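S.K.: Supplied in structure tokens, the structure appears directly below.
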Amino acid sequence: MKLPIYKATSFNYIIPKGGHSKLWIVSVNAKGKLKPFVVKLYQTTDIEDNNKMTAEVLGCLLAKEFNLTTSTPAIIEFTSEFRESLNVECSRILNSLDERSKFGTEYYPGTFLFAPQTNLEDAERILPIDTLYAFDYFICNKDRNSNKPNLLIKNQSAVLIDHEYALDINERTISRFKYDVWNQRFRHHLFYNLLKKADPAKKNNYFKDFEYHLEKLQINNYNSLFTQLKDLGFTNNKERLVKRYFWTVLSNPKKFTDILRASIQ
23 MKLPIYKATS FNYIIPKGGH SKLWIVSVNA KGKLKPFVVK LYQTTDIEDN NKMTAEVLGC
83 LLAKEFNLTT STPAIIEFTS EFRESLNVEC SRILNSLDER SKFGTEYYPG TFLFAPQTNL
143 EDAERILPID TLYAFDYFIC NKDRNSNKPN LLIKNQSAVL IDHEYALDIN ERTISRFKYD
203 VWNQRFRHHL FYNLLKKADP AKKNNYFKDF EYHLEKLQIN NYNSLFTQLK DLGFTNNKER
263 LVKRYFWTVL SNPKKFTDIL RASIQ
């Protein structure tokens, strides 16, 4: 499994956004067709210290394993020709950021941000909220909450975005799983309160689809993706730990979902 690599052909505009990453809309040559992509630009320290490139790529691809929708991802190359076409201000911005290949997703116009005050019934018409809660817990993504839903809506369907803070994994993460300890920080998850307040009969059916897909997940299929990122100069200093965590969870999917069920009782 590898991501396609596209070359940026022209700069469109900058999306105003807070935080560390900067978002550019650029046109790319995607198999002979010009398409707009949202490209994330990082500081080198964000990539080296927090593995944000790996987190974005894995978060986007793993979501599809659980029937969650994300924009089509790709690796975007900023060629010398593209860089030379930029104006002075864009060149200044780019020169202050990491020079390696970029993570991008196809741009879909006409979307709007999910409203955190949405009630349970309306939220469940848009997406399986139990699966998203479980998925974020699985990839250790703490960055989907009421302040930052990181969820776009288009035609009454949800599109997941922003997984740069995923893979926040350490030895304690594995220890929590082994000893059936739920991570308290996920009480701030976008859908935690809705799940916790749901009818008990409904709760009994939560996480069944997630567990089914978790049992089928073959994490070794992603080895070629880690290799691709290494070939592009992205050395994940937590690769062994990340894989060990995934293997530990995949050795007992039911235990993982039992922890989730207990968390919303």
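Numbering (the working numbering), first residue to last: 23 to 287.
Glycine included, each C-beta is placed from N, C-alpha and C at the ideal position.
Since we're looking at a predicted model, the values are computed, not measured.
Pick from Thr-153, Ile-175, Glu-111 and Thr-127: whose alpha carbon is nearest that of Asn-89?
M.R.: For this step, residue 89 is matched to residue 67 along the sequence shown. Comparing Cα-Cα distances from Asn-89 to each of Thr-153, Ile-175, Glu-111 and Thr-127, the minimum goes to Thr-153.
S.K.: Please report the residue range of the beta strand (DSSP E) in which Pro-222 lies.
M.R.: Indexing the sequence shown from 1 puts residue 222 at position 200. It is not in any beta strand (DSSP E) - Pro-222 instead sits in the alpha helix (DSSP H) that spans 222–225.
S.K.: In this structure, does DSSP put Gly-81 in helix, strand or coil?
M.R.: Position 59 of the sequence shown holds residue 81. Correct three-state label for Gly-81: helix.
S.K.: How would you write the range of the beta strand (DSSP E) that Ile-191 sits in, first residue to last?
M.R.: Working through the sequence shown from its first residue, we reach residue 191 at position 169. Here Ile-191 belongs to no beta strand (DSSP E), and DSSP marks it neither H nor E.
S.K.: My understanding is that Phe-125 touches Glu-193, with C-beta atoms under 8 angstroms, so please give their C-beta distance in whole angstroms.
M.R.: The count along the sequence shown starts at 1 and reaches residue 125 at position 103. The count along the sequence shown starts at 1 and reaches residue 193 at position 171. In fact, because the Cβ distance is near 27 angstroms, the residues do not count as touching under 8 angstroms.
S.K.: On the DSSP letters alone, give me the boundaries of the alpha helix (DSSP H) that Ser-32 sits inside.
M.R.: As a first step, residue 32 must be located in the sequence shown, where it is residue number 10. No alpha helix (DSSP H) contains Ser-32, which is instead part of the beta strand (DSSP E) from 27–37.
S.K.: Kindly give me the distance between the Cβ atoms of Asn-163 and Ala-188, rounded to whole angstroms, as I take these residues to be in contact under 8 angstroms.
M.R.: Here residue 163 refers to the residue found at position 141 of the sequence shown. Here residue 188 refers to the residue found at position 166 of the sequence shown. Between Ala-188 and Asn-163 the Cβ distance is about 4 angstroms, and since that is below 8 angstroms, they are a contact.
S.K.: Are the CB atoms of Ile-151 and Leu-216 nearer to each other than 9 angstroms?
M.R.: Numbered from 1 along the sequence shown, position 129 holds the residue referred to as residue 151. Numbered from 1 along the sequence shown, position 194 holds the residue referred to as residue 216. Result yes, Cβ atoms of Ile-151 and Leu-216 sit closer than 9 angstroms.
S.K.: Starting from Ser-102, trace the alpha helix (DSSP H) both ways and give me its first and last residue.
M.R.: On the sequence shown, position 80 is the one that residue 102 refers to. That run of the alpha helix (DSSP H) goes 102–106.
S.K.: Would you report the Cα separation of Ala-156 and Pro-275, rounded to the nearest angstrom?
M.R.: Translated into positions along the sequence shown, residue 156 becomes position 134. Translated into positions along the sequence shown, residue 275 becomes position 253. Ala-156 and Pro-275: Cα-Cα distance of roughly 11 angstroms.
S.K.: Grab the span of the beta strand (DSSP E) containing Thr-153 for me, first residue to last.
M.R.: The residue labelled residue 153 in the question sits at position 131 within the sequence shown. From DSSP, Thr-153 is part of no beta strand (DSSP E) but of the alpha helix (DSSP H) over 151–160.
S.K.: For Lys-62, count neighbouring C-beta atoms within 10 Å of its own C-beta (all shown protein chains included) and say buried if the count is 16 or more, exposed if not.
M.R.: As a position in the sequence shown, residue 62 is number 40, starting the count at 1. Classification of Lys-62: buried, given that the 10 Å Cβ count is 16 or more.
S.K.: Can you tell me whether DSSP reads Glu-121 as helix, strand or coil?
M.R.: Position 99 of the sequence shown, counted from the first residue, corresponds to residue 121. Here Glu-121 sits in coil by DSSP.
S.K.: Tell whether a beta-carbon distance below 9 angstroms holds between Val-50 and Tyr-28.
M.R.: Taking the sequence shown and counting its residues from 1, one reaches residue 50 at position 28. Taking the sequence shown and counting its residues from 1, one reaches residue 28 at position 6. Yes, the pair counts as a contact, with Cβ atoms nearer than the cut-off.
S.K.: Measure from the alpha carbon of Tyr-214 to the alpha carbon of each residue in Tyr-159, Arg-147, Ile-115 and Ile-36, then state which is nearest.
M.R.: Locating residue 214 in the sequence shown gives position 192, where the first residue counts as 1. Looking at the Cα atoms, Tyr-159 is the closest of the given residues.
S.K.: Comparing C-alpha positions only, which one of Lys-218, Ile-97, Cys-112 and Gln-139 sits nearest to Arg-122?
M.R.: Reading the sequence shown from its first residue, position 100 is the one you call residue 122. Measuring from the Cα of Arg-122, the nearest candidate turns out to be Ile-97.
S.K.: How would you write the range of the alpha helix (DSSP H) that Phe-268 sits in, first residue to last?
M.R.: Taking the first residue of the sequence shown as position 1, residue 268 is located at position 246. First-last of the alpha helix (DSSP H) with Phe-268: 261–272.
S.K.: Tell me the residue span of the alpha helix (DSSP H) that contains Lys-218.
M.R.: Counting from 1 along the sequence shown, the entry for residue 218 is found at position 196. Here the alpha helix (DSSP H) through Lys-218 covers 214–219.
S.K.: Drop a sphere of 10 angstroms on the beta-carbon of Leu-182, count the other beta-carbons inside from all chains shown, and report buried for 16 or more, exposed for fewer.
M.R.: By one-based count along the sequence shown, residue 182 stands at place 160. Under this definition Leu-182 is a buried residue.
S.K.: Looking at the secondary structure, which residues open and close the alpha helix (DSSP H) in which Ala-284 lies?
M.R.: Against the sequence shown, residue 284 aligns to sequence position 262. From DSSP, the alpha helix (DSSP H) with Ala-284 extends over 275–285.
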